[in-house]
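Enquirer: In this note's numbering, the protein residues as written are 53 to 625. Below is one structure. I have some questions about it.
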Amino acid sequence: MLWGGKMINIIKNTIKKELELFLFNTYNQEIEITVEKPKNQKMGDISIPVFSAVKVLRKPLPQVVETISEQIKNSEYYNYFDKINSVSGFINITLNKGIFAKSIIKEVQQTKNFGESNLGEGKTIVMDYSSPNIAKPFSVGHLRSTVIGHAIGNILEKLNYEVVRVNHLGDFGTQFGKIIYAYLNHGDKDKVEENPIEELMKLYVDFHERAKEDPSIEDEARKIFKELEQGNPKYVKLWEHFREVSLEEYMKVYEILDVKFNSYNGEAFYNDKMKAVVDELIEKNLLVKDEGAMIVSLSDNLPPALIQKSDGSTLYITRDLAALFYRKNTYDFDEVLYVVGNEQKLHFTQLREVVKTMGYDYYEDIHHINFGLVLQDGKKMATRKGKIVRLMDVLQEAKKLSLNYINEKNPTLENKEEIAEKVGVSAIVFNDLKNYRANDIEFNLSDMVNFVGQTGPYLQYTSVRITSIIEENVIDKENLDYKLYTSDASFELIKTIDEYPEILIKAKEEYSPSILAKYLLTLASYFNTYYAQEKVMVEDLIERNTKLFLISIVRDILDDGMKLLGMQVIKKM
RNA sequence: GACUCGGUAGCUCAGCUGGAUAGAGCAACGGCCUUCUAAGCCGUCGGUCGGGGGUUCGAAUCCCUUCCGAGUCGCCA
């Protein structure tokens, strides 16, 4: 990991400051010194390129190397260093493994909730994620927003942020005009009762087919939506019903994923809060009529934001503005995160700009946590054409394959079904989180349910292996032999343990669960190497205890990290 | 056409605030279960970092240009 661990960063920053101060005092020159991790571990643990100093000081390279190397000996952390050598302009420091390992293990011992931070103390972050569109099946596309949002929320809480999780249901808009139109004109009420989501989806697809033949029905749909917005009781009743049956279906998914929200206020919730937004825009002289619609002009070559349609009904951004103001007033957030796909980038840029134009400073706290599309055959999945992959189908498939694995690898396992679901679902979740969120992903079932290599099951399996070694053993944290932590395999583990707190902070800064996901893979991989090299349950009690303690730390981090990612932690598999 | 994001090994991706021989996993091939779960471990094979310029002691990383892919671009969300 490039950013290093907590302990090693303290050492690196200290060296940096010490050297910069020394150079300033000696040569009266401000020289930036970079202290980094060598690419190759054989070169040491800390590396200092001296090229920048050579350039500024205009002295021969060997002389600069000599001067800086000598100065390093005066470092506060000199007793941590085993050796200092130089190779072609780099000064490399190798740490004393025993001292370094001990300081890290002590740190872990003294920390109750390892990895937490006071970064978020007293700060509130509102998160808008999952947000499926009512009357459509929960697709693999919705999964991304759900698991990315869930994971980021968990990481924020670990860093002591107050997190408000909002499921901003797509329960309003012209699409409901379409569905209601289709339902009233071509719908089979019995079929819809029987299998609401599927039938409503079919009606929606059917509507677009018909609209190709007869575009006038689009106007019909818009008219119905406008009346719905104004409270036509017949339409409102239908809409309420559709919303209810959809939510029921979604709750099943959320239960499987173990995802919970503080609020399910969707777009419709803001129906009566938009007039205030429009009024404020008028008052601030920002709203202008253009081609019949009401728009806000934006700078920076941005297309204008459409606030109101020609017929007076509202649009997406109008509802998002109302939602934003409501959230600011209700939660007084420090940041608001919208976990929404790449394709809405322009929308959120416009949203920010409108807020800025209205004179609110907190436009800077609005973050679009964009993620890549789930593509099919290289193209965006089109709901309107009914091309959709249902998440439930994928989860079922994952569970089935997971069960096959269990029957093959561990046929006597108890609660096979339960474990199979936990492994299968976690595999899907991890697969969605392991890569940088903004990358598009091609839908590929066999990738999603892969259980070998850099996968969710690999992490679970590693944790399970550790659990099975520890079993009923009681670990005495005070009775450790730190010398045993200096073997290559142990030391790699310890250096990686040291990185956990920094990784979580990095994941927050980038709003990127993949940073944590990749880290857990690295940690698991080092453990499995360790496992192959060293026997834990040895005769010598101190050695056994020392090793048990190390692997228990690894297990705790793995389990903690998996929970943060929204995966299931298991004891056996 | 404009704007945004992407192009790194056969495949999926890390690395991108410039540093030393470009890293993983999968696939392929070869080893390792009478030592704690082999969903694992070890090894081999595999790359002109899309192409071309530039800046620099040093470029996958920064700048310019070009090609390719995806997405978006006023009355959908």
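Don't be surprised by glycine CBs; every beta carbon is placed ideally from N, CA and C.
With a threshold of 16 other CB atoms inside 10 Å of the CB of Gln512, please say whether the residue is buried or exposed.
Expert: buried
Enquirer: Spatial neighbours of Val106 within its chain, please: C-beta separation below 6 Å, excluding the five flanking residues on both sides.
Expert: Leu113 and Val116
Enquirer: Specify, as a first and last residue, the run of the beta strand (DSSP E) that Phe133 falls within.
Expert: Phe133 to Val139
Enquirer: For Tyr507, count neighbouring C-beta atoms within 10 Å of its own C-beta (all shown protein chains included) and say buried if the count is 16 or more, exposed if not.
Expert: Looking at the sequence itself, residue 507 is Thr, so the reference to Tyr does not match. The residue is buried, with at least 16 neighbouring Cβ atoms inside 10 Å.
Enquirer: Using three-state DSSP, classify Arg295 as helix, strand or coil.
Expert: helix
Enquirer: Spatial neighbours of Gly205 within its chain, please: CB distance less than 7 Å, with the 5 preceding and 5 following residues excluded, ordered by chain position.
Expert: Met179, Val215 and Arg217
Enquirer: Could you spell out where the beta strand (DSSP E) holding Leu389 opens and where it closes?
Expert: Glu387 to Gly393
Enquirer: Assuming contact is defined by CB atoms lying nearer than 7 Å, are Tyr534 and Gly150 in contact in what I supplied?
Expert: Contact: yes.
Enquirer: Counting only runs that start and end within the region 408-491, where is the alpha helix (DSSP H) found for 4 or more residues in a row?
Expert: 443-461 and 468-485
Enquirer: Thinking just about the alpha-carbon of each residue, which of Val588, Glu245 and Tyr256 is nearest to the one in Ile232?
Expert: Tyr256
Enquirer: Using 8 Å as the threshold, is the region 358-378 in touch with the region 150-168, meaning 3 or more CB pairs across them?
Expert: no
Enquirer: Quick check on the DSSP output: what are the complete alpha helix (DSSP H) runs of length 4 or more inside the region 529-580, in order along the chain?
Expert: 540-561
Enquirer: Below 7 Å between beta carbons: does that hold for Val626 and Gly193?
Expert: In the structure as shown, the chain starts at 53 and stops at 625, and residue 626 therefore has no counterpart that could be examined.
Enquirer: In chain order, what residues of the same chain lie with their CB nearer than 7 Å to the CB of Ala559, ignoring the 5 residues before and after it?
Expert: Ile207, Pro565, Ile567 and Leu568
Enquirer: So, Leu358 versus Glu405, is the Cβ gap smaller than 7 Å?
Expert: No, the Cβ-Cβ distance between Leu358 and Glu405 is not below 7 Å.
Enquirer: Determine the closest residue to Asp331 out of Phe321, Tyr316 and Ile347, with distance taken between C-alpha atoms.
Expert: Ile347
Enquirer: Is it buried or exposed for Val110, if we count other Cβ within 10 angstroms and need 16 for buried?
Expert: Inspection of the sequence shows that residue 110 is occupied by Arg rather than by Val. Under this definition Arg110 is an exposed residue.
Enquirer: Using DSSP with H/G/I as helix, E/B as strand and the rest coil, what is Asp266?
Expert: Three-state DSSP puts Asp266 in coil, outside helix and strand.
Enquirer: Where does Lys8 fall in DSSP's three states?
Expert: Any answer about residue 8 is impossible in this case: the structure gives the chain only from 53 up to 625.
Enquirer: Rounding to the nearest angstrom, what Cα-Cα distance links Ser478 and Leu610 in this structure?
Expert: 13 Å
Enquirer: Do you know how far the Cα of Leu376 is from the Cα of Tyr383?
Expert: 10 Å
Enquirer: Measuring CB to CB, does Gly318 end up less than 7 Å from Val481?
Expert: no
Enquirer: With DSSP collapsed to three states, give me the class of Ser183.
Expert: coil
Enquirer: Do you know offhand how far Leu453's Cα is from Phe423's?
Expert: If you draw a straight line from the Cα of Leu453 to the Cα of Phe423, it comes to about 27 Å.
Enquirer: Can you tell which of Glu246, Leu211 and Gln227 has its C-alpha closest to the C-alpha of Ala273?
Expert: Gln227
Enquirer: Report all residues from its chain with a CB closer than 7 Å to the CB of Pro101; omit the five preceding and five following residues, and keep chain order.
Expert: Thr86, Gly141 and Phe142
Enquirer: Measuring only the C-alpha atoms, how far is Val446 from Phe503?
Expert: Looking at the two C-alpha atoms, the distance is approximately 15 Å.
Enquirer: DSSP state of Asn144, grouped into three classes?
Expert: It is a strand residue.
Enquirer: Can you give me the C-alpha to C-alpha distance between Leu221 and Asp413, rounded to a whole angstrom?
Expert: 27 Å
Enquirer: Quick test of your reading: Ile549 and Val606, contact by CB under 8 Å. State the CB separation rounded to the nearest angstrom.
Expert: The C-beta distance from Ile549 to Val606 rounds to 7 Å, short enough to meet the 8 Å contact threshold.
Enquirer: Are the region 480-496 and the region 589-600 touching by the rule of at least three beta carbon pairs closer than 8 Å?
Expert: Short answer: they don't touch.
Enquirer: Rounded to whole angstroms, what is the Cα-Cα separation between Phe166 and Pro553?
Expert: 7 Å
Enquirer: Give me the residue from Tyr302, Glu551 and Asn487 with the minimum Cα distance to Leu710.
Expert: Outside the modelled stretch of the chain, which goes from 53 to 625, sits residue 710, for which no answer is possible.
Enquirer: For the alpha helix (DSSP H) that Ser515 lies in, which residues bound it at each end?
Expert: Residues Gly508 to Ile522.
Enquirer: Please determine if the region 54-73 and the region 86-95 are in contact, where contact requires at least 3 C-beta pairs separated by less than 8 Å.
Expert: yes
Enquirer: Could you check if Gln620 is buried or exposed, using at least 16 other CB atoms within 10 Å of its CB as the buried criterion?
Expert: buried
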